[in-house]
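Its first residue numbered 19, the sequence shown is counted upward by one per residue in my numbering. We treat Cβ as the ideally placed atom computed from N, Cα and C, and that holds for glycine. Since we're looking at a predicted model, the values are computed, not measured. Single-structure report; data block below.
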Amino acid sequence: MAIGAVTGPAVDGLARAVELAQQRSPALRISVEVETSAPLVERLRAGRLDFVLARIPQGASAAGLEYREVGEEPLCFLVGQGHPLLAGPPPGPAALLGYPWVLEPPGSLLRQAVGTMVARHGLSLPGRVLNTASALLALSVLGRGEAVCVVSEPVAALFDGAGRVCRLPPPPEEPHLAVPPFGLIRLKDRPLSPAAQGFFGLLETVLFPA
Numbered sequence: 019m020a021i022g023a024v025t026g027p028a029v030d031g032l033a034r035a036v037e038l039a040q041q042r043s044p045a046l047r048i049s050v051e052v053e054t055s056a057p058l059v060e061r062l063r064a065g066r067l068d069f070v071l072a073r074i075p076q077g078a079s080a081a082g083l084e085y086r087e088v089g090e091e092p093l094c095f096l097v098g099q100g101h102p103l104l105a106g107p108p109p110g111p112a113a114l115l116g117y118p119w120v121l122e123p124p125g126s127l128l129r130q131a132v133g134t135m136v137a138r139h140g141l142s143l144p145g146r147v148l149n150t151a152s153a154l155l156a157l158s159v160l161g162r163g164e165a166v167c168v169v170s171e172p173v174a175a176l177f178d179g180a181g182r183v184c185r186l187p188p189p190p191e192e193p194h195l196a197v198p199p200f201g202l203i204r205l206k207d208r209p210l211s212p213a214a215q216g217f218f219g220l221l222e223t224v225l226f227p228a
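Dropping the structure here:
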């Protein structure tokens, strides 16, 4: 069984479902690809993935896809322990931009959300930006200096409290920063294998609790 997911859902709902599935069926073999939505949906259509947790890419046709929306991905700010911004009141966008940043590469939804937030305040991103899709590299950079990183809430929950990074309160002017909703996507005309159908149902119970 092969499944795809964008990063936030992969480390949250999907990870919980995998743990439950392996407790019930220790021999169950699950492969998970973590990527952005466009390549995941392409691999789904090509038959390389059974289903995905992603977004229907902007401008792409939804024909043949069954989509059940889960919700948006809230974003938050992380810094290293002892960062100057932790000592004062919640920093506004201008204060955040006084430091180097670690961001997902240009074109990503997270990067677009941050760029829109900054533009709303008549500002622009700093020149000192490390572009990377690697959460491990971002964590390493945060622990070594005064960079600011923006990640999805589930990723922040993994890092926060790990001993090297801390979560910043959201800017008072931007209390709710998020990227557009994602959903559970499968092909309408392709039946799932019994194992994949069983895991799909389990994932639904995790993502859509009664």
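(message) Using the three-state DSSP reduction, which class does LEU11 fall into: helix, strand or coil?
(response) Any answer about residue 11 is impossible in this case: the structure gives the chain only from 19 up to 228.
(message) Output needed for LEU221: all residues of its chain with C-beta closer than 6 Å, excluding positions within five of it in sequence on either side, in chain order.
(response) By 1-based counting over the sequence shown, the position of residue 221 is 203. Cβ within range, chain order: ALA35.
(request) Pull up the CB-CB distance for LEU6 and LEU202, whole angstroms please, since I reckon it's below 8 Å. (result) In the structure displayed, the chain extends from 19 to 228; residue 6 sits before or after that span and is not available.
(request) Just the C-alpha distance for LEU270 and LEU143, rounded to the nearest angstrom, thanks. (result) The question about residue 270 has no answer, for the chain in this structure spans 19 to 228.
(request) Mind listing, in chain order, the continuous beta strand (DSSP E) runs of no fewer than 3 residues lying wholly within the stretch 113 to 152? (result) If we require 3 residues or more, the beta strand (DSSP E) runs fully inside the stretch 113 to 152 come out as 119 to 121 and 147 to 149.
(message) Rounded to whole angstroms, what is the Cα-Cα separation between SER55 and CYS94?
(response) The residue given as residue 55 occupies position 37 in the sequence shown. The residue given as residue 94 occupies position 76 in the sequence shown. Looking at the two C-alpha atoms, the distance is approximately 21 Å.
(message) Tell me the residue span of the beta strand (DSSP E) that contains ARG185.
(response) Taking the first residue of the sequence shown as position 1, residue 185 is located at position 167. Looking at the DSSP string, the run of the beta strand (DSSP E) that includes ARG185 is 183 to 186.
(request) Answer yes or no: do ASP178 and LEU96 have a C-beta to C-beta separation smaller than 9 Å? (result) Stepping through the sequence shown from its first residue, residue 178 is reached at position 160. Stepping through the sequence shown from its first residue, residue 96 is reached at position 78. It is a contact, given that the beta carbons lie within the stated cut-off.
(request) Identify every residue that forms a DSSP beta bridge with ILE74. (result) As a working mapping, residue 74 is identified with position 56 in the sequence shown. Looking at the DSSP assignment, ILE74 forms no beta bridge with any residue, so it has no partner.
(request) Please state if the CB of ALA23 and the CB of LEU46 are separated by a distance shorter than 9 Å. (result) If you number the sequence shown from 1, residue 46 lands on position 28. If you number the sequence shown from 1, residue 23 lands on position 5. No, they are not a contact pair.
(message) At the level of alpha carbons, what is the spacing between GLU90 and PRO124?
(response) Taking the first residue of the sequence shown as 1, we reach residue 90 at position 72. Taking the first residue of the sequence shown as 1, we reach residue 124 at position 106. Straight-line Cα distance between these residues: approximately 20 Å.
(message) Among the candidates ALA165, ILE74 and ARG146, whose CA atom is the shortest distance from the CA of HIS101?
(response) Your numbering for residue 101 matches position 83 in the sequence shown. Cα-wise, what sits closest to HIS101 is ALA165.
(request) Following the continuous alpha helix (DSSP H) through ALA23, name the residue where it begins and the one where it ends. (result) Position 5 of the sequence shown holds residue 23. Here ALA23 belongs to no alpha helix (DSSP H); instead the beta strand (DSSP E) covers 20 to 23.
(request) Could you pull out every residue in the same chain whose Cβ sits closer than 7 Å to the Cβ of ARG190, ignoring the five residues on either side in sequence? (result) Counting from one through the sequence shown, the residue named residue 190 turns up at place 172. Reading off the sequence shown, one finds Pro at residue 190, where the question assumed Arg. Correct list, in chain order: PRO108 and GLY110.
(message) Can you give me the C-alpha to C-alpha distance between GLU53 and SER126, rounded to a whole angstrom?
(response) Numbered from its first residue, the sequence shown carries residue 53 at position 35. Numbered from its first residue, the sequence shown carries residue 126 at position 108. Rounded to whole angstroms, GLU53 and SER126 show a C-alpha spacing of 11 Å.
(request) Can you give me the start and stop residues for the beta strand (DSSP E) that GLU87 sits inside? (result) Reading the sequence shown from its first residue, position 69 is the one you call residue 87. Under the DSSP assignment, GLU87 falls in the beta strand (DSSP E) whose first and last residues are 83 to 98.
(request) State buried or exposed for GLY204, treating a residue as buried only when at least 16 other CB atoms are found within 10 Å of its CB. (result) Counting from one through the sequence shown, the residue named residue 204 turns up at place 186. Checking the sequence shown, residue 204 turns out to be Arg, not Gly. With 16 or more Cβ atoms within 10 Å of its Cβ, ARG204 is classed as buried.
(request) List the endpoints of the continuous alpha helix (DSSP H) containing PHE177. (result) Reading the sequence shown from its first residue, position 159 is the one you call residue 177. Annotation: the continuous alpha helix (DSSP H) that includes PHE177 extends over 171 to 177.
(request) Can you give me the Cβ contacts of VAL1 inside the same chain, cut-off strictly under 7 Å, excluding the 5 residues immediately before and after it? (result) As displayed, the chain neither begins before 19 nor continues past 228, which places residue 1 out of reach and without an answer.
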